[in-house]
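What follows is a short report on a single structure.
Protein chains in written order, with my numbering: chain A, 1 to 320; chain B, 1 to 442.
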């Protein structure tokens with residue numbers, strides 16, 4: 001209503017200067033409107049994300065233990081950072097995280113895409129298969145950790161039991177051997193997160209325009225050529241987003257490893273996020289843990305930026 | 001005049017009633033109060049619910065329990081106790097956290113309450129509580145900050161405290177012709193014999209961090225070792241420490257499958273499930289072995305003293321309970337603490353299937369439970385310096401020893417270099433925290 005009234009005033013030819021400024025108002029409001037609409041989201045992000053990040057950065061310059069007043073904490077400058085760069089345990093955790101990320105993301109992408117390609121066609125029972133595949137995604141990470149901890153249990157676990165019955169394999173100490181424990185957490189992660197890739201890819205495949213597929217078929221493309229030359233290139237932006245989201249997930253994964261192995265044996269399954277948690281709460285080194293958390297943010301930012309530069313799904317829409 | 005006399009008589013009657021009432025029931029003032037208790041989700045504490053119900057029925061004080069997995073208690077309790085007004089009125093800590101809690105000013109000294117005639121039950125008899133339990137769980141500030149000493153002060157009362165004994169399978173030892181081991185040499189020979197016979201010998205905690213360290217500490221003390229000497233130099237890499245680590249390696253090699261992933265519950269479950277011939281750890285195993293929900297071996301278990309090496313030395317551990325500095329119901333909380341650790345409360349805990357803390361309770365029930373005479377004999381061996389209960393212990397326990405000992409039990413590498421490297425890390429932590437600041441002064 002107000003805008004209508006202003007417009008009516010601005011249409012008068014003899015309007016004074018003051019009226020001309022009013023006449024520009026509708027365009028100004030339209031310019032402001034987008035900011036108005038994204039303001040709540042920006043506010044939430046500032047409070048929920050940016051503030052903690054800066055607070056963590058601030059804390060990383062102090063030596064503070066929970067339970068002591070922060071006013072008593074010593075400002076130690078860059079000591080925590082210097083210690084971090086020379087701490088072999090931190091580098092070992094980073095290495096474990098990269099190894100974990102490489103195996104899980106590679107296998108999840110392969111299995112997720114394969115399953116999606118197999119179930120994209122309307123075959124008998126496809127909806128049942130899809131529902132079953134999605135189920136692990138719906139289970140809380142803590143429950144996933146508990147389920148697999150008991151499945152991998154050396155003494156009473158089903159995995160040892162059936163490996164013994166079916167293949168005559170001696171019971172293995174899955175969660176007490178460095179290599180086997182690493183395999184166990186990779187296997188568990190694949191079990192839980194392959195459905196995520198599957199859902200995203202199958203949604204992308206089903207949204208592909210049928211004309212393009214029809215045209216490729218008329219041009220004589222076989223099944224393999226359709227997949228590798230038509231379908232996958234057309235959903236490449238979706239694959240990049242899926243890859244990015246899984247990469248970020250890998251760096252913030254904590255609950256499953258915490259429940260299954262606690263990071264052990266030794267530091268064989270101590271991902272960087274779990275290392276940060278252990279430094280903060282077991283050793284009560286909150287400042288030091290914050291410094292490592294800052295490093296984690298830097299690593300994730302660099303990796304995310306790298307992936308986006310290589311395969312930015314929005315690059316064709318730079319005008320948006 | 002008549003009115004004045006009537007008023008005076010009425011006033012005197014009211015005063016007399018009030019005095020009589022205060023003598024009649026020390027809990028009356030706190031009736032309707034609700035206190036919140038933080039303690040672990042362990043068998044003993046689950047059984048204590050019966051004692052809580054009795055306390056509430058007798059006193060009118062309500063009790064809410066916040067039970068957590070025992071190693072998760074510390075984070076939650078510290079966060080609560082750091083607030084200006086906390087939710088907890090009673091906290092129950094693993095003894096290794098007492099130094100940290102007190103050094104951060106999070107607990108209330110119990111002397112504040114023990115000086116009040118209105119609060120203290122004259123029949124409470126604190127001297128009847130097993131001294132090892134009281135000193136280890138409740139006293140802070142004595143020798144080295146955590147051992148008994150004249151500078152110590154009482155911050156907690158033991159509830160769910162423990163020492164270590166040995167439980168063994170009578171049927172397996174009889175079938176294999178093995179005598180109950182009294183020394184570590186005998187124990188190691190028995191483990192070897194059982195291992196060769198294909199019978200899992202001894203269960204143990206072994207999971208990286210606190211658990212594997214706790215398993216190793218059980219053997220360190222009787223083999224003559226310590227973590228630090230009197231000047232805070234790490235000495236756990238000496239011959240005794242390395243031998244204790246060697247024992248841990250042998251246990252992992254001859255025991256049930258999965259020891260490197262065993263926490264307290266897993267280790268106990270392996271014994272109670274019939275998968276191990278020996279168990280050396282907390283005395284709580286006895287109550288668990290009697291519980292048909294937990295145990296398949298109730299009538300096959302015997303109990304003996306923790307084997308000796310160069311000396312007798314058993315665990316001092318478990319829990320003690322105290323009152324946070326920011327509790328809003330301190331007096332009601334003290335009455336609760338006093339009630340559950342009183343002679344009556346202690347006996348009730350035995351009837352409920354829990355573990356007592358009083359010598360009189362152990363003696364009165366010695367003919368009913370096979371482990372009680374063993375515990376009475378074991379308690380004088382409970383080592384006050386079993387582990388250093390200093391604020392830095394958690395980091396040493398989990399991050400240094402917990403890592404080194406995992407390497408010991410999961411690899412065949414020489415033990416001495418592993419322990420030497422851990423000792424260097426421990427020294428660096430102690431240096432960082434200023435423990436050697438007096439070295440050049442004196």
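Ideal Cβ placement from N, Cα and C applies to all residues, glycine included.
- Task: Work out the CA separation of residue 51 of chain B and residue 340 of chain B for me, nearest whole Å.
- Result: Cα-Cα distance, rounded: 7 Å.
- Task: Check whether the Cβ of residue 172 of chain B lies closer than 7 Å to any Cβ atom in chain A.
- Result: no
- Message: With a threshold of 8 Å, are at least 3 pairs of Cβ atoms found where one atom belongs to the region 61-79 of chain A and the other to the region 285-294 of chain A?
- Response: yes
- Query: Terminal residues of the continuous alpha helix (DSSP H) containing residue 160 of chain A?
  - Reply: 158-167
- In chain order, what residues of the same chain lie with their CB nearer than 6 Å to the CB of residue 411 of chain B, ignoring the 5 residues before and after it? Within the same chain, no Cβ atom closer than 6 Å to the Cβ of residue 411 of chain B is found once the five residues on either side in sequence are excluded.
- Counting pairs of beta carbons, one from the region 93-107 of chain A and one from the region 129-148 of chain B, are three or more of them closer than 8 Å? no
- Query: Per DSSP, residue 280 of chain B forms a beta bridge with which residues?
  - Reply: DSSP lists B/166 as partners of residue 280 of chain B.
- Message: Is it the case that the region 177-193 of chain A contacts the region 266-277 of chain A, given that we only count it when at least three CB pairs across the two stretches are under 8 Å?
- Response: Contact holds: three or more Cβ-Cβ distances are below 8 Å.
- Message: Assuming the contact rule is C-beta atoms closer than 8 Å, residue 190 of chain A and residue 240 of chain A should be a hit. Round their C-beta distance to whole Å, please.
- Response: Incorrect: roughly 20 Å between the Cβ atoms, too far for contact.
- Touching or not, the region 168-182 of chain A and the region 230-245 of chain A, by the rule of three or more beta carbon pairs under 8 Å? no
- Message: At the level of alpha carbons, what is the spacing between residue 91 of chain B and residue 331 of chain B?
- Response: 14 Å
- Query: Which runs of the beta strand (DSSP E) spanning at least 3 residues fall entirely within the region 61-136 of chain B, listed in chain order?
  - Reply: Listed in chain order, they are 62-68, 90-94.
- Message: Using 8 Å for Cβ pairs, my map puts residue 148 of chain B next to residue 326 of chain B. What's the rounded Cβ distance?
- Response: About 28 Å; that fails the 8 Å criterion.
- Cβ of residue 48 of chain A less than 7 Å from any chain B Cβ? no
- Residue closest to residue 40 of chain B, alpha-carbon to alpha-carbon, out of B/59, B/68, B/31, B/47: B/68
- Item | Burial state of residue 403 of chain B (16 or more Cβ within 10 Å) | buried
- Message: Check whether the region 270-285 of chain B and the region 154-170 of chain B touch, using three or more Cβ-Cβ pairs below 8 Å as the test.
- Response: yes
- Message: Restricting to Cα atoms, I'd like to know which of B/178, B/342, B/26, B/242 is closest to residue 61 of chain B.
- Response: B/26
- Under 9 Å (Cβ pairs) to chain B, residues found in the region 76-90 of chain A: Of all residues in the region 76-90 of chain A, only 89 place a beta-carbon less than 9 Å from a beta-carbon of chain B.
- Message: I want to verify the contact list: residues of chain D whose CB lies under 7 Å from the CB of residue 220 of chain A, in sequence order.
- Response: No chain D appears in the structure shown, which is made up of the protein chains A and B.
- Message: For the ligand GTP, is there any heavy atom lying closer than 6 Å to the beta carbon of residue 264 of chain B?
- Response: By its list of ligands, the structure shown contains no ligand whatsoever, and the ligand GTP lies outside what it can speak to.
- Item | DSSP-derived helix/strand/coil call for residue 110 of chain A | helix
- Query: Counting along the chain, where does the beta strand (DSSP E) carrying residue 303 of chain B start and finish?
  - Reply: 301-304
- Touching or not, the region 189-199 of chain B and the region 210-230 of chain B, by the rule of three or more beta carbon pairs under 8 Å? no
- Around the C-beta of residue 434 of chain B, are 16 or more other C-beta atoms found within 10 angstroms, so that it is buried, or is it exposed? By the neighbour-count rule (16 or more Cβ atoms within 10 Å), residue 434 of chain B is not buried but exposed.
- Query: Where does residue 213 of chain B fall in DSSP's three states?
  - Reply: helix
- Under a CB-based cut-off of 7 Å, is residue 296 of chain B close to chain A? no
- Complete alpha helix (DSSP H) runs within the region 171-240 of chain A (minimum length 4 residues, chain order): 178-206, 210-218
- Residue-chain proximity (residue 403 of chain B, chain A), Cβ-Cβ < 7 Å: Among the CB atoms of chain A, one or more fall inside 7 Å of the CB of residue 403 of chain B.
- Query: Would residue 203 of chain B pass as a contact of residue 241 of chain B if the rule is Cβ separation under 7 Å?
  - Reply: no
- Task: Taking only beta-carbon positions, decide if residue 130 of chain A is within less than 7 Å of chain B.
- Result: no
- Task: Using DSSP bridges, identify the partner residues of residue 39 of chain B.
- Result: B/67
- Three-way DSSP call (helix, strand, coil) for residue 171 of chain B in this model: In the structure shown, residue 171 of chain B adopts helical secondary structure according to DSSP, grouped into three states.
- Message: Please tell me whether residue 255 of chain A has its Cβ less than 7 Å away from any Cβ of chain B.
- Response: no
- Give the residues of chain A in contact with residue 209 of chain B, contact being defined as C-beta atoms less than 9 Å apart. 262, 263, 264, 278, 282
- Query: Along the chain, where does the beta strand (DSSP E) that runs through residue 320 of chain B open and close?
  - Reply: 317-322
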